[in-house]
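These notes are about the structure you will find just below.
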Amino acid sequence: MNITFLVGNGFDLNLGLRTRYVDFYPYFMANAQDDNMIRNWLGGDNLLWADLETKLGESLTKLNVNDIEKLYKDKEELDELLLEYLEKEEAQFAQYINGKAIVEEFSRSIIHFKCGLSEIDDELIEETCRGHIGEDYAYQFISFNYTDLLDRFISMVCQHRSEMLFEEKDGRKHHLTNHVLHVHGTLEREMILGVNDPSQVNNTFLSGNKEFLDIFIKERLNRNLGQRRTENAKKLIDESDIICIFGMSIGCTDRMWWEKIMDWLHAAINHKLIVYYKDGCIRSSSQRMIRAKSEVKNKLADNMKKLNLGFTGIEEMKNKICVSYNPDIFNFQYECKKDNPSP
Numbered sequence: 008m009n010i011t012f013l014v015g016n017g018f019d020l021n022l023g024l025r026t027r028y029v030d031f032y033p034y035f036m037a038n039a040q041d042d043n044m045i046r047n048w049l050g051g052d053n054l055l056w057a058d059l060e061t062k063l064g065e066s067l068t069k070l071n072v073n074d075i076e077k078l079y080k081d082k083e084e085l086d087e088l089l090l091e092y093l094e095k096e097e098a099q100f101a102q103y104i105n106g107k108a109i110v111e112e113f114s115r116s117i118i119h120f121k122c123g124l125s126e127i128d129d130e131l132i133e134e135t136c137r138g139h140i141g142e143d144y145a146y147q148f149i150s151f152n153y154t155d156l157l158d159r160f161i162s163m164v165c166q167h168r169s170e171m172l173f174e175e176k177d178g179r180k181h182h183l184t185n186h187v188l189h190v191h192g193t194l195e196r197e198m199i200l201g202v203n204d205p206s207q208v209n210n211t212f213l214s215g216n217k218e219f220l221d222i223f224i225k226e227r228l229n230r231n232l233g234q235r236r237t238e239n240a241k242k243l244i245d246e247s248d249i250i251c252i253f254g255m256s257i258g259c260t261d262r263m264w265w266e267k268i269m270d271w272l273h274a275a276i277n278h279k280l281i282v283y284y285k286d287g288c289i290r291s292s293s294q295r296m297i298r299a300k301s302e303v304k305n306k307l308a309d310n311m312k313k314l315n316l317g318f319t320g321i322e323e324m325k326n327k328i329c330v331s332y333n334p335d336i337f338n339f340q341y342e343c344k345k346d347n348p349s350p
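Using my numbering, read the sequence shown as starting at 8 and increasing by one per residue.
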């Protein structure tokens, strides 16, 4: 049985890394050239990388044909400063990693992937598991991060335990895939930053400019870099029985992936989706929890439009989405410590 984790920036934030857009913003403003046009577009009051990407697409309305070369230059500076910032941030944590503690916490988190689910949602996941009686559990990973700490942790686990994490009493084994597919590239190789599709390019001239779209639309960027990351990630999704989403905001600049996951969810009755939701509250009221779960499901439902399911069909699909509220998994903040935060 294949269980696929889609991992976003929340994983790095759980480590204590300062990798929000709002963390990078002052670094960019302090180090970018004064005449970088993107400096004038951005604000520092947003938290999410999707906000940055959305703002880039919206601000293109201010450009004319004579500005395009300047845009390429300024966008390249943005990319280089982001790479530089994340490299510094990641490097400060590498020296504090406690290998044994990481192995234990990572293994525990993966095996207990149902952590934080309600009784009803737990039973929904068990329905899928019972449909694969006798099969081992195989865990695979798709990362939307540029950093490679997830990769390092998986390598640590595989070195200490090989790829077999645990064996159930009935003989079913939990296997870990020692590979992470980075759909947006990495700090070491072909990092990409852009929007989902031409509709998010708010400029009539640029939305029809092939060269511009080839370097600003994420899927086209991957293809023009000669990479099959998009195709390979879609294949992993198609082969999955359960998908778990950790540390990702359901933003419009990754709409392609939400639509793909909704297609996958609709493709088989036993396909189930788990979304881990963290709001940072130590105590949460029942109302807060219910509204948070409803928000997650509604955001995902917005990506079901192409399926033409109607109201009843969409509600049935929502019932296959399980939300784990403030789950106790991937809690490494006491294992990886940083004494001197980035300026």
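We put the CB at the ideal spot given by N, CA and C, even for glycine.
Quick caveat, the model's predicted, so the values are computed rather than measured.
In this chain, the alpha helix (DSSP H) harbouring Q166 covers 156–168. Contact between I321 and A308 holds, with the beta-carbon distance rounding to 5 Å and staying under 8 Å.
In the DSSP assignment, M171 falls within the beta strand (DSSP E) that extends over 171–174. Distance from the CA of I75 to the CA of M198, rounded to the nearest whole angstrom, comes to 21 Å.
For Y32, the CB contacts under 6 Å within the same chain, skipping 5 residues up- and downstream, are G51 in chain order. Annotated three-state conformation of L188 is strand, per DSSP.
When the alpha-carbon of F223 is set against those of F212, V208, R168, the nearest one is in V208. The Cβ atoms of Y144 and M8 lie closer than 8 Å to each other.
With respect to the C-alpha of K95, the residue from L24, F12, D58 having the closest C-alpha is L24.
Contact between N338 and N152 does not hold, since their C-beta atoms are separated by about 18 Å, which reaches or exceeds 8 Å. Bridge pairing for C329: I281 [DSSP]. In this structure the segment 113–132 does not touch the segment 56–67; the number of beta carbon pairs closer than 8 Å is below three. Collapsing the DSSP output to three states places V29 in a helix.
Measuring C-alpha to C-alpha distances from H186 to each of F253, I140, Y146, I336 identifies Y146 as the nearest. Here H273 carries a helix assignment [DSSP, helix/strand/coil]. Approximately 18 Å separates the beta-carbon atoms of L213 and D86; this is outside 8 Å, ruling out the contact.
The beta-carbon separation of I109 and D81, rounded to 39 Å, does not stay under the 8 Å limit for a contact. Under the three-state reduction of DSSP output, S150 falls in the strand class. By a beta-carbon distance limit of 8 Å, L70 contacts N210. Their separation comes to about 6 Å.
Contact check for I10 against C329 fails: the beta carbons are separated by 8 Å or more. For I140, there is no enclosing beta strand (DSSP E), as DSSP gives it neither H nor E.
Boundaries cannot be given for I257, as no beta strand (DSSP E) includes it and DSSP labels it neither H nor E.
Between the C-alpha atoms of R168 and G317 there is a straight-line separation of about 47 Å.
In this structure, DSSP gives I224 an extended state, which the three-state scheme calls strand. The C-alpha of M171 is placed about 6 Å away from the C-alpha of L183.
Residues of the same chain with a CB within less than 7 Å of the CB of M311, apart from the 5 flanking positions on each side, are M269, I321, M324 in chain order.
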